[in-house]
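Protein chains: 6
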Amino acid sequence: MTSKMIMPWEDRPKGCDDVMWRYSKNPVIGRYDIPSSNSIFNSAVVPFEGGFAGVFRCDNKAVQMNIFAGFSKDGIHWEINHDPIEMLAGNTEMIESDYKYDPRVCWIEDRYWITWCNGYHGPTIGIAYTFDFKAFYQCENAFLPFNRNGVLFPEKINGKYAMLSRPSDNGHTPFGDIYISYSPDMKYWGEHRSVMKVSPFEDSAWQCTKIGAGSVPFKTEEGWLMFYHGVINTCNGFRYSMGAALLELQNPDKVLYRSKPYLLAPAAPYELVGDVPNVVFPCAALSTGNKVAVYYGAADTVVGMAFGYVDEIIDFLKNNSL
Amino acid sequence: MTSKMIMPWEDRPKGCDDVMWRYSKNPVIGRYDIPSSNSIFNSAVVPFEGGFAGVFRCDNKAVQMNIFAGFSKDGIHWEINHDPIEMLAGNTEMIESDYKYDPRVCWIEDRYWITWCNGYHGPTIGIAYTFDFKAFYQCENAFLPFNRNGVLFPEKINGKYAMLSRPSDNGHTPFGDIYISYSPDMKYWGEHRSVMKVSPFEDSAWQCTKIGAGSVPFKTEEGWLMFYHGVINTCNGFRYSMGAALLELQNPDKVLYRSKPYLLAPAAPYELVGDVPNVVFPCAALSTGNKVAVYYGAADTVVGMAFGYVDEIIDFLKNNSL
Amino acid sequence: MTSKMIMPWEDRPKGCDDVMWRYSKNPVIGRYDIPSSNSIFNSAVVPFEGGFAGVFRCDNKAVQMNIFAGFSKDGIHWEINHDPIEMLAGNTEMIESDYKYDPRVCWIEDRYWITWCNGYHGPTIGIAYTFDFKAFYQCENAFLPFNRNGVLFPEKINGKYAMLSRPSDNGHTPFGDIYISYSPDMKYWGEHRSVMKVSPFEDSAWQCTKIGAGSVPFKTEEGWLMFYHGVINTCNGFRYSMGAALLELQNPDKVLYRSKPYLLAPAAPYELVGDVPNVVFPCAALSTGNKVAVYYGAADTVVGMAFGYVDEIIDFLKNNSL
Amino acid sequence: MTSKMIMPWEDRPKGCDDVMWRYSKNPVIGRYDIPSSNSIFNSAVVPFEGGFAGVFRCDNKAVQMNIFAGFSKDGIHWEINHDPIEMLAGNTEMIESDYKYDPRVCWIEDRYWITWCNGYHGPTIGIAYTFDFKAFYQCENAFLPFNRNGVLFPEKINGKYAMLSRPSDNGHTPFGDIYISYSPDMKYWGEHRSVMKVSPFEDSAWQCTKIGAGSVPFKTEEGWLMFYHGVINTCNGFRYSMGAALLELQNPDKVLYRSKPYLLAPAAPYELVGDVPNVVFPCAALSTGNKVAVYYGAADTVVGMAFGYVDEIIDFLKNNSL
Amino acid sequence: MTSKMIMPWEDRPKGCDDVMWRYSKNPVIGRYDIPSSNSIFNSAVVPFEGGFAGVFRCDNKAVQMNIFAGFSKDGIHWEINHDPIEMLAGNTEMIESDYKYDPRVCWIEDRYWITWCNGYHGPTIGIAYTFDFKAFYQCENAFLPFNRNGVLFPEKINGKYAMLSRPSDNGHTPFGDIYISYSPDMKYWGEHRSVMKVSPFEDSAWQCTKIGAGSVPFKTEEGWLMFYHGVINTCNGFRYSMGAALLELQNPDKVLYRSKPYLLAPAAPYELVGDVPNVVFPCAALSTGNKVAVYYGAADTVVGMAFGYVDEIIDFLKNNSL
Amino acid sequence: MTSKMIMPWEDRPKGCDDVMWRYSKNPVIGRYDIPSSNSIFNSAVVPFEGGFAGVFRCDNKAVQMNIFAGFSKDGIHWEINHDPIEMLAGNTEMIESDYKYDPRVCWIEDRYWITWCNGYHGPTIGIAYTFDFKAFYQCENAFLPFNRNGVLFPEKINGKYAMLSRPSDNGHTPFGDIYISYSPDMKYWGEHRSVMKVSPFEDSAWQCTKIGAGSVPFKTEEGWLMFYHGVINTCNGFRYSMGAALLELQNPDKVLYRSKPYLLAPAAPYELVGDVPNVVFPCAALSTGNKVAVYYGAADTVVGMAFGYVDEIIDFLKNNSL
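Following this line, the structure appears as C-alpha cells:
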C-alpha cells in the first residue's frame, strides 16, 4: 500500500492496556446506511485514489445477501452505492450467483481482486477483479462447494496466486479450519495445504469450534500478519472473536505465531446485540508505518473499527502464541 | 369493525421512509404489568364497547403459560386481569388444557372467538367464544396436535368458518407453513389447503425457516390483508420478523401478494433483548379507514405496536411481492 | 364381515406356545410380485365377493410409493394389478397426491373405505371409497399434515365416523401416539381425543418410541380388538413390533386392555433382513368365528401373515395388560 | 457462620414486592476486574477473618477457565488475585486438571473446602481444602466424569460428608438432575440418591430442562435452604434462572419445599446481555440472622448480588411449592 | 479359578489362522431358551461347584430387561431359571432398580460378586453378592448415573476393590472411555483414573466411537488380561467388536498392550442379524491353563462362544498394540 | 479399451426381465481374501496386459482403510497383493495420507490414473498414476476437503482433464451432489460445474439423499455412460443403490438421461447383510462391444459383479429418465 495513505486512526485511550482498542465512534457504518439495507457488516476496504474504496455486505430487507461498492475520503465516513455490484464476465462466462456475502478486497500487481462467499449450488469462493470499483469482472469460482472466507495474498508467492479459505459444509458449520491453495492463473487451483486448525478447548476456547481467515495478510519483516476469526459454541450459540497470526513469508502454510488470547471479543453493545449477537468478524486491515486499522462486522449488523500498532501486535503474538 | 373506533395511532416520524413504523412509547405493555407475570407478549386485541378488549399471554414466574382478559379505553393503556381466563364448557365438555399461549381474537357475526395454542397431548389449536370478555366458552380443539398459530377469518367464507394454522411438531419446530381449513360448525374441520410456504433462502431469507399467520385478516377491496411472522435460523437461534400477505377474498388459499422484504424486524432494544432475543411476533391488527395498528410480541417479553397506512402497505406488497 | 368367508388359516404348530404364530409359507407376497415393484408390504385386505380384495403398497424401482388393488380367492395367493389405483373425484375435486402408502381398507355400511398416508404438502391421511375395487373415489384428506396410520372403525360410533391416527412430523418421526377423531360426513373432522401413548421404557420397551394403529378394529363382545405397531429406537435404528389393544365399544378412546408383551416381533429372516431391517407392521386382520389372521409388512419388503384365536388373544391382553 | 459477620446488604426498594431483589449497584464484579480476565462470574464467597474471602471463576482472554482467590472487607468490593490458585497435593498425588470452573466454598469443622468442575478426562467434581486461602490442597475427584455443580453441606450428616451434584454428559448437556452422595473421608463416595428432578414443562417451565445445586445449603430451623439454578431451552438457547429448595435436616435427599416460580430470572441488562445471554447462576449465599445475600454469575460475564429475608423465602417456598 | 474346572473347549479349526475362533455350534444360548424371553445375550458365567453358574440378561417379550441365574455342567448347555433374580438387601436397604442388564460375575475372596447396569434415575452400576446363586444381596450402586459396563477385578489391588466402568450419558451414547475406581468396602468409591480411550479413526476405526470393559480380567504372568468391546459408528448404526488389553498387575490403570486389530468382529449370521445387527459383546471369560473361552452377546439376541490360547493372545497384543 | 479384452460375462438368467443382472457366483471377492483384511469392497478394475489389474479397498482388522493392487486373468478370480500400495512422489512431494479408500482406475493416453478418497486433514480426492501397477506416483490432491467419489474421464475434454466428484462434509454426510471440475495439468483444478443433484423424494426416492459418481464413464455414440450410486435415508440407516446416467460427450456437465428407477438395489443376501447392510456401490465398469460388467461393493464387505447390454441400458435410460 502506498505510504501516502492517510490512515484512519484514533490513539489508544488513556488507561487502556489492550493491544488493540475500539474506535470511540463505533459503529462507523450503521445497519440502515443505505435505503434497502437491513444490515451492513463483514465488509472490506482498500486505499484507492488518495482515499478509500470498499466492498460492503449489505443484506436487504428481504435478507438477501449482496455486495456493494462504496467510497470514502477518510476511511471512516462512507458513501455506499445503493445498488449492488453487477458483474461482467471475467475469465469465464459462468458467473452465476445465488447470493454474495462476506467480501474481501486485495490489490495484486495491477488490479483489485474481490473474493467473497458465492452461492453456486452451495457456498463457495467467488472471485472478481476491478480496476476502478465501477466495472467488476467475475471469474471462475476458486473451489467446489462448500467453502467460505476466501482471502487472497497481496502478491504472488513462488510465482503463483495464493488463497486462504475455510472448507466446510452447507449449514451453520460446527467445524472449520484454514487451508491455503495456489493457482498459476486465478482459474485453476491446487496445492492445497493445511495452515491452521481450531485450538483444543483447554488451550484457547474462543477458537475451539472453527476458525477462518479475516483480513488480507500484509507483509511485515517478520512475516505475513493476518487477522482471523475464531468461534466457540456456547450453550446460547456461536460467539465470534478476533485473533491474529503471523505466517512465514515464503511458505505461508507455516504459522510462526498465533494468538492464544483473542485480540478483540464481543463486549461493546453493538457487538453483543444485533441480528446475530456476540459477533466480531474482521474482514479488512489498513496499515501504514506501524499503525493498523481493522474493519470488522459486529453482531452481523454493523461495521466497527479497531486500532493497534504492528510491532505491539507482533510482540504480543510472540509472547502469547498458541 | 365499527367505524366509530378511536384508533390508537401515531403519525410516521419525520425522516422515516419505512412502510410501517414503531410506536415511540413502546413497549406498551411491560413484562411485569400484572403481579404474577414474568412476561406479557404475543397478545390480541379487538374493539369492544367503545374501547378495546384483549386476550393476553402472560407467562407467570413459574413460566406457566396462560391467557388473560384485559381492557383499555385507548388501545394503548391496558388493565389486564390478574387471574387467567377460566373456561366454561362450550360445544363440548372436553376442555382440557395443559397450557394456553399466543391467543388471537376475532369477531364473527355475534360473538368474539378466541383461538390459541392449547396443550392437549401436544400443542394444538384451542377455540373459545365470549360475548363480554367475562364468560368464555371453550369448544372442541380444531385439530389434532401438533399445531400452532390458528387464526380465524372474521366472516364465513362460502358459508363456512375458515382458519389459518401452522401444523408442525412437538418441539422448537424448524419447519412450518401456513394452511387453511374450513368448518361448517366450529366443531368439525376439513378441506385443508396449503396457502403459503417458506421462501427459498436466496429469495427472502427472513422467512426461509418457518412462517405462521399473525393477525386476524381484515377485508380490503383488494383482498384479505394479514400480517404474519417469518423465521430465519441464524447460528445464534431463531429470528422472527413480520411481513404481510394479501389473500383472495373468496378463495383465501390463493395468495395475491406477499411481502418479500419484511415490514418489521427486530431492531429496537426491546425486540433485540429479552427472554428470547430477536423476536417480532404480530398477533393482532386494528384498522379503521386507511390506518392500521399492529400489536406484536417483542423478544417474548413485552408487547409493542407499529403503525401504517393500508394503501401504502398494499402498494408495497404489489411492488415487492415474493 | 360375512360369516361365509373362508378364512385363510393354518393351525398352531406343535410345540408352539405363542399366542400368535407365523404362516409357515411366509412371505405370502414377495417383493417382486409385480413387474414394477421394488417391494410390496404394509398392505390391507378384506373379504370381497366370496373371496378377498386388497389394497397393496407397492414401491416401484424408482422407490415411488403408490397403492394397487389386488384380488385373491383364498387370501393367500394374490393377483395384484400392475397399475396403481387411479382416483376419481369423491366428495372433493382436490385429490392431489405426491405419494400414497400404507393403505388400510374398511367396510362401512355400503362401501369399502380406503385410508392411507397421502402426500399433500406433507404426509396426511387420504380417504377414498370404492364399491368394486375398480372405481375409487378420493375424498378430502382427513387432517392437516403431518399424520400417518389413519385407521377407520367399521361402523359409526354415536352416529359418526371414527378414525384412529398418529399425528407426528415430517421426517423419521421419533415420537407418536394414537388419537381418535370423529366426523359426521367423512369430510369435516373433530372431537380429537388421545387414546394410547407410548409406554415408559421400563414397562414395555418395544413400544416406548412411537405407536400407531394397524388393522381396522373388529368387534368382539368385550370391545374393539385392534392390532397396532410399537417402535423401539435401538442404537441401530427403529425396530417395529406388533401388539394388540381392546377398546371400549361405545367409547373407543378408552383402552380396556393393551398388550404389555408384544404379540409378534421381528425374528424370522424376512422380518430381520430387507430394505428396512427389523420391521413387523400390521395393516389388516381377517376374522371369523374365533379365528383371526393378520397381514403385516415385513422389513418394508414383503407381506407376511400370522394367526391366532380371538379368545386367547383377549385372555392374553387381560392377563398381560400394560 | 459467625454472627459477627457484617452482612453485605441493601434494603428492599420501595414499591418492590419481590421476595428477592437485586443490589442496585450490580454488577459487583466486572468482566475485566483483573488484567487477564475476559469474564468473572459463577464465583463463591465465605466469611473469613472478619471480612470475606472467595474463589472466583476468571476466564482469561484465551477463554481458559481457572479459579482465583480473592478478598474483601465488605463482601462487595473485592480484590482478586491476578494469578490462579496453584494446588498442592492433598489426600492424593493425582491433582490433574485440564480446567477449573464454577467453584463453591464451604466451611466444615476446621477448614474451607472448595469444590468445582474439574477437567479430568471430562468434567467432574474437584475438591480441595484451605485454611487460609493461600495454600490450597487438592484431593481426589469425588466422582467419575461427567459431573458438574458439586456442592458440599457445611456439616457432616449422620457422620459423613455429603455432596450434591448434577451428573450429566460431556457437552452442552440438555438434561440434568440433582443427586446427593456421601463419603466417610472425602476420598471415597457412595450412597448416591436422587434428590430433585427437572419439572414438567407445564408445571414450572423455567426449570424443565436441567437443574443444578447453587449455593452451599445453610441451616434453618425448618431445613437446609439452598439456592439452585434451573434451565429452560428456548428456541434461542438455554435460559438460566434461580430458585430455592428446603431440604430435610437429617435426610437431605428429601425435598420439603421447592420453588415453583423462580426467585430471580434474567431481566437486568447485565443478565440479558453478555458472553452467554440470559443467565442467572447462583454459587454462594451469605446469611446472618434473617438476612441472606446471594452471589450469582450473570450472563457468564459478571457477578451480581441479590438479597432477601430468610423467613420470607421459606414462607414463599411453602406457599409456592412445586 | 480352580484348576479342576473342565473348560468348555473346541480346537482351532483346520486352516484357520485367527487368534480366536468361534464355537462351531454357536449360538450356545438361543433367544427363546426360557419361556418369557425375547432375547438372551450379554451374560456372564463362572466356575461353580464343579460345573458352572451364570447370570444372564434375558429381555422378556415386553422388552423389559432383567437378570436371571442359570447353571451348567459343561459351560455350554445351560439351564436358566424362568424367574429373574430377586434381590435381598446387602449393605444397604436402598435396592431400587428400574431395570437390570449386561451382568458380569466375579469371585473375590469368599463370594461371587455381580455387577450390572442398574436403572436408578438413569443407568448406573449395580452391585450384588451371592454365595450360592440362590440368594443374592444387593449393595449400594457404585456410582452416580450415567454409567455402564462395570467390571470388577477378581482380587483386591493394594488392599482395595477395583472396578472398571464406562461413564457416559443417558441415551445411545456416542462416546465412552474406560476408567478405573477403587473402594475400601464395596460401598464408597473413589480414586477414579482414566485407563483407556477410544482410538483415533485412522489408527483403529473399530474402536473409535466408544469402548467398554467386557470380561472380568484374569491374571497372567504378564498382566491382567481383559476382553473389551469397541464401537464404530457406521452410516447404518453402531457396530460392536471385541478386542483385548493387558493391564499392569499392580497398577491396572496402566495399559501394557491393547489390540489394534479386533479379535472378533461381527461376521457370523447370528452376529450380523438380530434385534441389533452387527454386535459382538463379550461379558465373561473362562480360563484354565493356556486356554480361554469367551462368552459374548451376539446381535443383542443370543449368546456365542469363542476360544483362544492365552499365550497366543498375549503375543498378538504385543505384536499388534495400538 | 482394447477390443481384445476377454470380458468377464454371464448371460442373463432365464426368466429374468431386469436390465442388469447379478453374477450367479457373487461375491467374486470375499471379505477375508487376503490375510489382513476385514472386508474388501468398493474396488476398481481395468484391462491390463491381456488380463486385468485392479485397485482394491481392503480394510484391515484394525479397520484401517487402504488400497491394494491386484491382478486377474479373467476379471473374476483375483490375486490381491498382501501389502498396500506404497506411493512414490509424483507431481508433488506432499503425499500425505491418513487413509485411502474407494479407489477408481482410469486409463488416459499413456498411463493408468488412480483416484480415491484420501485423508488429508479431512477426506479429499487423492490422485496417482502408474504404468505397471507396481510403481505408483502420488500427485497433488485435486481439491480441498471435504470431498469423496472422485472419478476421472478416460480422455481429455476440450484439452483438459475432467473429474466428477461429490463435495460434502466430514462425517456421514446426509447430502451430496455430483459436480465436474477441469484441469490443464492434473495439478490445478477449476471450472467447477454442477452436474446432477439428488432427486425429489416423490420422484425417485432411492436417490433423494445423496448421489455420487461410481464407474469411470465410457464412451458410447450417444454420450458418456456412467454408473452412479444413490442413497435414501431410511429409519434404519442409509441404503445405497445403483443407477446410470448418460452425459453429453463434449459437455459432460449436461445430463442427457438419468435413471429414474435404480438398476440394482440391495436384494441379495451379501448386499443386505454385512458390515454396513443394504449397500450396492459401483466403482468400475468393463465394456467391450455391447456388453458391460459392473464391479460393485456389497454391504461394505465384499465385491460383486453385475452385467448388462449397453444398448439396453441406454434404451432404458431414455425411456425411464428422471
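Chains as they are written, first to last, in the working numbering: chain A, 4 to 325; chain B, 4 to 325; chain C, 4 to 325; chain D, 4 to 325; chain E, 4 to 325; chain F, 4 to 325. Glycine residues also receive a C-beta, built at the ideal position from the N, C-alpha and C atoms. Just so it is clear, the structure is predicted and the values come from calculations on it, not from any experiment.
How should residue i be labelled, buried or exposed, when 16 other C-beta atoms within 10 angstroms of its C-beta is the threshold for buried?
i        : result
E/Glu274 : buried
B/Arg114 : exposed
F/Leu91  : exposed
Would you say residue i faces chain E, with C-beta separation under 8 Å as the test?
i        : result
D/Asp172 : yes
D/Pro157 : no
Check each candidate in the options and name the one with the smallest Cα separation from residue i.
i        : options                                   : result
C/Pro126 : C/Pro148, C/Asn144 and C/Val108           : C/Pro148
F/Lys222 : F/Asn293, F/Ala301, F/Ser207 and F/Ile128 : F/Asn293
A/Pro87  : A/Gly78, A/Phe136 and A/Glu96             : A/Phe136
D/Asn94  : D/Asp14, D/Gly307, D/Lys190 and D/Arg60   : D/Lys190
F/Ser39  : F/Cys61, F/Pro255 and F/Glu96             : F/Cys61
B/Ile317 : B/Pro255, B/Asp278 and B/Gly226           : B/Gly226
Does the beta carbon of residue i sit closer than 8 Å to a beta carbon anywhere in chain A?
i        : result
B/Ala208 : yes
D/Phe71  : no
B/Gly240 : yes
F/Ser168 : yes
Is there a C-beta anywhere in chain C that falls below 8 Å from the one on residue i?
i        : result
B/Pro203 : no
B/Tyr140 : no
What three-state label does DSSP hand residue i in the structure shown?
i        : result
D/Tyr273 : helix
B/Phe146 : coil
E/Ile83  : strand
E/Phe221 : strand
E/Phe319 : helix
Taking 8 Å as the CB-CB cut-off, is residue i touching chain B?
i      : result
C/Met4 : Here the model assigns C/Met4 a pLDDT of 44, short of 50, so the residue's position is not dependable, and the following value carries that caveat. Answer no: the Cβ-Cβ gap between C/Met4 and chain B never drops below 8 Å.
Give me the chain G residues within the contact set of residue i, using Cβ-Cβ distance strictly less than 8 Å, ordered along the chain.
i        : result
C/Tyr182 : Among the protein chains of the structure shown, namely A, B, C, D, E and F, there is no chain G.
Does any residue of chain F have a CB that is nearer than 8 Å to the CB of residue i?
i        : result
E/Leu275 : yes
E/Tyr265 : yes
Any idea which residues DSSP pairs residue i with across the strands?
i        : result
F/Gly193 : A/Tyr191 and F/Tyr185
A/Met23  : A/Gly311
A/Leu266 : None, per the DSSP bridge assignment.
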